[in-house]
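Chains as they are written, first to last, in my numbering: chain A, 4 to 121; chain B, 19 to 427; chain C, -19 to 126. Heads up, the thing below is written out as structure tokens.
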């Protein structure tokens, strides 16, 4: 499976309702070390937005607020973006991602400071 | 003392490096047709390139990422790929125009047909790219390009009616025999000549070549903010020379010999010799910059090893790309296409492609992940947004105006 | 215009403020934002390739579509032909994927730093070919500029 298979895949609720598209995959570095220098990233969840569009992403997740006019517009384009945890994904392939019963929507915001080394 | 020399050298090369065949041709053509009534566009363009070059230089110094790496990261492969194709083709067009410019200037000096000079010029450009250190090529061509100051001297010697020139520049009107579409078409061409994307690719990649760090940002700001405005003044002097000599006679500039004619009229053979040296240096310098830029853009998009500070064998695909670009430029020129015409097109298409290069740099210059505390200030962002609107407007209007005016004719 | 789902057709209120989930225990990276299309540098700071894609693998012995019940890990960074399929669609055959195994990744910042030297990596075979057959054969190609 390639990351690009998942990106832009349509996402459906268990009921079949369309929820949007996978715009990103959240990873957490807590996998096995596998003889390397950095532990393997594990898929933590999917970032789902009502629209695709791969350029200038991330304003809906970060605290970058300038230049104000552009940042506000880019954030507004992806309003309604949410995070679902991987445990709440029933099946995922290039054609569609279907969420499991009882899935929960979380804020897509990037956990403060979690991108830098911990 | 050494520091002061460094600053002086930086400023002088920025002045000499500002002018290329695009500025020479566009300013002379505009001067002969519109007088100084478009001088305000040069001012707008110079402020724009100062802002843009300063931002991309700061991003390169602080984040250690060159412009096209950032374009790829921010736009994704599809949009960035489209930008790569457009930027590479425009860059190739500009490279072709510069190599043709060298050949035309050498023809003026020698009366040997330009088609004999073209392979010689291209070979010389390649040899310098292949074997010369980055700092040497930048400084030598920049300093020799300074001889174009002779246009400003010539303007004084021509003894023009200063009040009339000032009147044209300060209360611009479209001359009677020209339509508003041509006026705005040439406004965009002048803007594109001042804000060519290759200058930014070269400037930001050059910052990486010379291993700039945060400490060098202040120096680069001085180079840009002093050097480029002086380059802009020279641009206006070129237009003014053409306005004084050609506008009253209704002669439209269409060749390099006409561009240098005002200098020859004012200063005789010696001045003519100086201006030819200046044009060879300016076009040669710009051919190096565009040649390198064709390698920089491809290498940075695909993630290849690049840079003149490496041996060619350690940046093999980068060097191969530049060789191929130069070969294409020679082949195009050998078809006897008019380099002046190629130049006029290249500056207009530069304006078309500008937003896709400008916007990613503006956004990354605001991103603390890359810039830490060196993100854009409020004043820079306010000005940058004004320019975003100008750049978008010029980009959208360029092709309709190109068609409506039949290429400005 | 990129495809989108009309916000009024969503089964939930898209303007609702969502809670922040529990903070994961490790460092967090968003794949597209922090890995994809970034430059990789080898142990000597020489550019290797741009990250064109990532290879996601479920635990050994599972097949079919990925499911949320089993963890999925990033096994490798991919580069090369996979870029063309990201731009134009489709999928390269598995044999044509050029991998940089995750175990060679040393750090992720504004670039992805590797702990190995580029000459040991398969992804650089084109660079080596051009060096050995073209650039290295031109006089001066192996010397530093003066």
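Glycine residues also receive a C-beta, built at the ideal position from the N, C-alpha and C atoms.
- Task: Select from 103/C, 89/C, 53/C, 48/C the residue whose C-alpha is nearest the C-alpha of residue 100/A.
- Result: It is 48/C whose Cα lies nearest to the Cα of residue 100/A.
With a cut-off of 8 Å, does the C-beta of residue -17/C fall near any C-beta of chain B? No - not a single Cβ of chain B is within 8 Å of the one on residue -17/C.
Expected contact under 8 Å - CB spacing of residue 322/B and residue 107/C to nearest Å: About 7 Å separates the two Cβ atoms, so the contact holds.
| With 8 Å set as the bound, which would you pick, yes or no: does the beta-carbon of residue 35/C sit closer than that to a beta-carbon of chain A? | yes
TODO: Decide if residue 120/A is buried, meaning its Cβ has at least 16 other Cβ atoms within 10 Å, or exposed.
DONE: At residue 120/A the pLDDT is 42, less than 50, meaning the model places this residue with poor confidence and gives no usable figure here.
Open item on the list: Between residue 70/A and residue 384/B, how many whole angstroms is the CB-CB distance? I'm expecting something under 8 Å.
Closed with: That belief holds up - the Cβ atoms of residue 70/A and residue 384/B are roughly 6 Å apart, short of 8 Å.
Handout entry: chain B residues whose Cβ lies nearer than 8 Å to that of residue 85/A
Key = Going along chain B, no residue has its Cβ under 8 Å from residue 85/A, so there is no contact; the nearest lies around 21 Å.
| said: Given this structure, state the Cα-to-Cα distance separating residue 349/B from residue 103/B, to the nearest angstrom. | reply: 19 Å
Chain A contact residues for residue 84/C, given Cβ-Cβ distances below 7 Å: 39
**OP:** Drop a sphere of 10 angstroms on the beta-carbon of residue 22/C, count the other beta-carbons inside from all chains shown, and report buried for 16 or more, exposed for fewer.
**Re:** If you draw a 10 Å sphere on the C-beta of residue 22/C, you find 16 or more other C-beta atoms in it, and that means buried.
Does the Cβ of residue 18/A have 16 or more other Cβ atoms within 10 Å, making it buried, or fewer, making it exposed?
exposed
Next on the checklist: Can you list, in chain order, the residues of its chain with a C-beta nearer than 8 Å to that of residue 390/B? Leave out the 5 residues immediately preceding and following it.
Outcome noted: 80
Requested in this report: Kindly provide the ranges of any beta strand (DSSP E) runs that are 3 or more residues long and lie completely inside the region 87 to 132 of chain B, ordered along the chain.
Outcome: none
Note to self: Against chain C, does residue 17/A count as a neighbour if the rule is that its beta carbon must be under 8 Å from one of theirs?
What the structure shows: no
In chain C, which residues lie less than 7 Å from residue 225/B when you measure between Cβ atoms? Chain C residues near residue 225/B: none, gap ~15 Å exceeds 7 Å.
Between residue 394/B and chain A, is any beta-carbon pair separated by less than 8 Å?
Yes, residue 394/B lies at the interface with chain A (some Cβ there is under 8 Å from its Cβ).
| Burial state of residue 124/C (16 or more Cβ within 10 Å) | exposed
Next on the checklist: Considering just the uninterrupted stretch of the alpha helix (DSSP H) at residue 428/B, what are its terminal residues?
Outcome noted: For residue 428/B there is no data in the structure shown, the boundaries of chain B being 19 and 427.
May I ask you to verify whether the region 151 to 166 of chain B touches the region 361 to 376 of chain B, counting CB pairs closer than 8 Å and requiring at least 3? no
* To do: Measuring only between beta-carbons, confirm whether residue 51/C sits less than 8 Å from chain A.
  => yes
Taking the straight line between their C-alpha atoms, what separation do you get for residue 70/B and residue 240/B? 14 Å
Contact the region 130 to 150 of chain B vs the region 211 to 221 of chain B: 3+ CB pairs below 8 Å
no
Check: Under the three-state reduction of DSSP, which class applies to residue 48/A: helix, strand or coil?
Finding: strand
For residue 330/B, I'd like the list of residues in its chain whose CB is within less than 7 Å of its CB, leaving aside the five on either flank, ordered along the chain.
-> So the qualifying residues of the chain are 148, 337.
Output needed in chain order: residues of the region 17 to 47 of chain C with a Cβ under 9 Å from some Cβ in chain A.
Listed by position, the residues of the region 17 to 47 of chain C near chain A (Cβ gap below 9 Å) are 32, 33, 34, 35, 36, 37, 38, 44, 45, 46, 47.
>> Can you check which of these residues, 185/B, 394/B, 382/B, is closest to residue 88/B by C-alpha distance?
In response: 382/B
| message | Between residue 94/A and chain C, is any beta-carbon pair separated by less than 8 Å? | response | Yes - at least one Cβ of chain C is within 8 Å of the one on residue 94/A.
(message) Residues of chain C with CB closer than 8 Å to the CB of residue 338/B, please, in chain order.
(response) What residue 338/B touches in chain C: 110, 114, 115.
*How about residue 61/C: is its C-beta nearer than 8 Å to some C-beta of chain B?*
no
| message | Buried or exposed for residue 56/B, going by 16 or more other Cβ atoms inside 10 Å? | response | buried
| request: Can you say whether residue 354/B is buried or exposed, counting buried as having 16 or more other CB atoms within 10 angstroms of its CB? | output: exposed
- prompt: In or out: residue 163/C buried (at least 16 other Cβ within 10 Å) or exposed?
  reply: For residue 163/C there is no data in the structure shown, the boundaries of chain C being -19 and 126.
| task | Could you tell me whether any Cβ in chain B is nearer than 8 Å to the Cβ of residue 124/C? | result | yes
Review point. Pick from 4/A, 5/A, 7/A, 16/A: whose alpha carbon is nearest that of residue 92/A?
Key: 16/A
#### Entry: Member of 32/B, 293/B, 20/B whose CA lies at the smallest distance from the CA of residue 275/B
293/B
> Buried or exposed: which applies to residue 122/A, given that a residue is buried once 16 or more other Cβ atoms fall within 10 Å of its Cβ?
Replying inline: Residue coverage of chain A in this structure runs from 4 to 121, which leaves residue 122/A outside it and unanswerable.
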